[in-house]
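Chains A and C, in that order, give the protein sequences. The numbering used here numbers the first residue of the first sequence as 1 and each following residue consecutively. The numbering used here numbers the first residue of the second sequence as 1001 and each following residue consecutively. We put the beta carbon where it would ideally sit given N, CA and C, even for glycine.
There are 2 protein chains.
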Amino acid sequence: MGASSTATRPRGVAREENERLILEAAEAVFAELGFKGATTGAIAARAALPKANVHYYFPSKDDLYRAVMARVLDRWLAAASSFDDSDDPADALTRYIAAKMELSRTMPLGSRIFASEIMRGAPAIADHLETTLAAWVADRGAIVRRWIAEGKLAPVDPKVLFMMIWATTQHYADFARQIEVLNGGRPLSDDEFAEATRQVARTILRGVLL
Amino acid sequence: MGASSTATRPRGVAREENERLILEAAEAVFAELGFKGATTGAIAARAALPKANVHYYFPSKDDLYRAVMARVLDRWLAAASSFDDSDDPADALTRYIAAKMELSRTMPLGSRIFASEIMRGAPAIADHLETTLAAWVADRGAIVRRWIAEGKLAPVDPKVLFMMIWATTQHYADFARQIEVLNGGRPLSDDEFAEATRQVARTILRGVLL
DNA sequence: TATGGGCCTGACCGTTTGGTCAACATTGGC
DNA sequence: GCCAATGTTGACCAAACGGTCAGGCCCATA
C-alpha cells in the first residue's frame, strides 16, 4: 500500500484543482436551486467545465451533493468547537454565537444547503444528525445543565437554548434576501453585521444568564 | 358588471372543492421538494386528480405556486396582528411569539415553502416583502422604539428583535426533522411543544425587557 | 519515440417534465 | 330533449434532465 506501488503520482494536481472548482460551483447552485432544482449542467457551466468532466470526478449528482454536504458539516463542526474555548457561560456562548454569525456572514451557502436538506427530511445526513450532532448536543447539554446547577444560568432546556442560537444565527444566512429588503434593499454592511452580532449575543445572554 | 350579466352561476361548487384539494396537495409537495423538485404530476397524484385537471384550474406550475404562497402570506398576516392586541411589551411579544409558534405547530408546510422561496431569492414575493412586510416592520418598529424610549425595553434594533422571533419560531417548523432526531426520534408532543413555546417566550422577554 | 494511464469531452440516450389538446361527461336552464 | 357552459381526462409533445461512452489528449517513464 506504499506510495511506490503505483508508478506515476504527481499528477493529482489537476484533480484537486478541478474537484475544488466543482465543489464550489455545486455549493452555489445547490444553495440557490435546491437539490432537484440544481442541474449538473448548471454546475458545470458555473465551474466553466464541460458537464462530462463534472461526471468524471463525481459519478452522480448524488455523490456530488454528498461531497458538498460533507464540506459544510466539517466547517460547522470546527465552528462548534469554539463553544469549548471557555467554561464561563457568558464567554462560551458569546464566542459560539460570534463563530456561527461569522459563518453565516462569510459562508451563507452552506447554511442554505443544510436548511434545504433538513426540510427535505435529511435523507443524506440522517446518520450525521443521529450520531455526531446528537453527541455534541448531549455533551454540551450536560455543561449547560451544570451551569444551571451552579446558579450561573436560568433554568432552560439546553435544546431550546441551542435551537435559539442556531435559528437566529443561521437566519442571517438563510434569509439574507429578506434582511436585505428590510435594510432598504442593501445587504448588511460589515459594521451593521457586527452590530447585529453584538445585539444577538447580548439579547440571548440577557435571556439566560443569571 | 352585476351578477346577472352571466347566464348560469351556482356551478362553482366543484371548482372551489377541487381548487382547495389541489392547493393543499401543492402545499405539501412544494414544502417537501421545493419549487423545482415538486412536479405537477406528484401534486395531482396527492390530490387524487389527473394531472390535466390540475392544469385546468391552475394553467401553469408557477400560477399554482403563487396561489399557494398567497395563502401562506395571508395566514401569516393574520397571525402578525396578534402583536397589536396589547400595548404592553410583555403581553404583545408573548402573544406574538405564541401565535407564530402555533402556526409552526399546526401549519409547518407554509413556513418551509416561505423559507425555500427566500433562499431562491424571493422571485415570487419580492413585492410583498418590499411593501406589506416592510410596512409592518416599520409600524411595529416604531412601537418597539417607543417602548425603549419609555424605558420598558432594553435598547435593541427592532429588526434584530423581530428577526430573532421569526427565526426561532419558524425554526420549529422548518427544522422539525432535526428537532425530532434530537428528541430521540420522536416529534415533540403537544406538551413538549407548549413547554418549548413557554421557554422561548421567557428567554426572549428576559433578553429585551427591562 | 513508443507506451500506458490519468484526464478530458462532444455526441448521444432513455426518462421525466410542464404543458397542450381533442374528445368526452355532466349539469342547469329553456 | 336540446343546448351551451363547465368540468374531465388519456394521449401526446418538445424540452430538459442525469448519465454514458468512445475516442482524443497530455505527459512521465522507459
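{"Check": "Listed from N- to C-terminal order along the chain, which residues in the stretch 108 to 119 of chain A have their beta-carbon within a distance smaller than 8 angstroms of any beta-carbon of chain C?", "Outcome": "R112, A115, S116, I118 and M119"}
{"Check": "Which chain A residues are close to C/L1182, counting only those with a beta carbon under 8 angstroms from its beta carbon?", "Outcome": "L129, L133, A134, V137 and K159"}
{"Check": "Rank A/D91, A/A25 and A/S111 by C-alpha distance to the C-alpha of A/Q170 and give the top, closest one.", "Outcome": "A/S111"}
{"Check": "Starting from the Cα of C/L1133, find the closest Cα among C/M1119, C/R1198, C/T1168 and C/W1076 and give me that residue.", "Outcome": "C/W1076"}
{"Check": "Suppose you measure from the CA of A/R95 to the CA of C/F1035; what does that come to, to the nearest Å?", "Outcome": "37 angstroms"}
{"Check": "Between C/N1053 and C/L1023, what straight-line distance do the alpha-carbon atoms span, to the nearest angstrom?", "Outcome": "13 angstroms"}
{"Check": "Using 8 angstroms as the Cβ pair cut-off and three pairs as the minimum, do the stretch 1056 to 1065 of chain C and the stretch 1130 to 1149 of chain C touch?", "Outcome": "no"}
{"Check": "Give, in chain order, every unbroken run of the beta strand (DSSP E) that is at least 3 residues long and sits entirely within the stretch 1047 to 1074 of chain C.", "Outcome": "none"}
{"Check": "Which ranges would you report for the alpha helix (DSSP H) in the stretch 1112 to 1153 of chain C if only whole runs of at least 4 residues count?", "Outcome": "1134 to 1149"}
{"Check": "Using beta carbons (cut-off 8 angstroms, strictly below), is A/L77 in contact with chain C?", "Outcome": "no"}
{"Check": "Based on the DSSP secondary-structure assignment, which residues constitute the bridge partners of C/L1209?", "Outcome": "C/L1153"}
{"Check": "Specify whether the stretch 197 to 209 of chain A and the stretch 1157 to 1168 of chain C touch according to this definition: at least 3 beta carbon pairs, one from each stretch, less than 8 angstroms apart.", "Outcome": "yes"}
{"Check": "Could you confirm whether any beta carbon from chain C is found closer than 8 angstroms to the beta carbon of A/M101?", "Outcome": "no"}
{"Check": "When you check each C-beta in the stretch 1181 to 1205 of chain C against every C-beta of chain A, which residues fall closer than 7 angstroms?", "Outcome": "V1181, L1182, A1196, Q1199, V1200, T1203 and I1204"}
{"Check": "Would you mind reading off the limits of the alpha helix (DSSP H) that contains A/F162?", "Outcome": "P158 to D174"}
{"Check": "DSSP three-state call for C/M1107: helix, strand or coil?", "Outcome": "coil"}
{"Check": "Would a C-beta distance cut-off of 8 angstroms place C/K1100 and C/I1165 closer than the cut-off?", "Outcome": "yes"}
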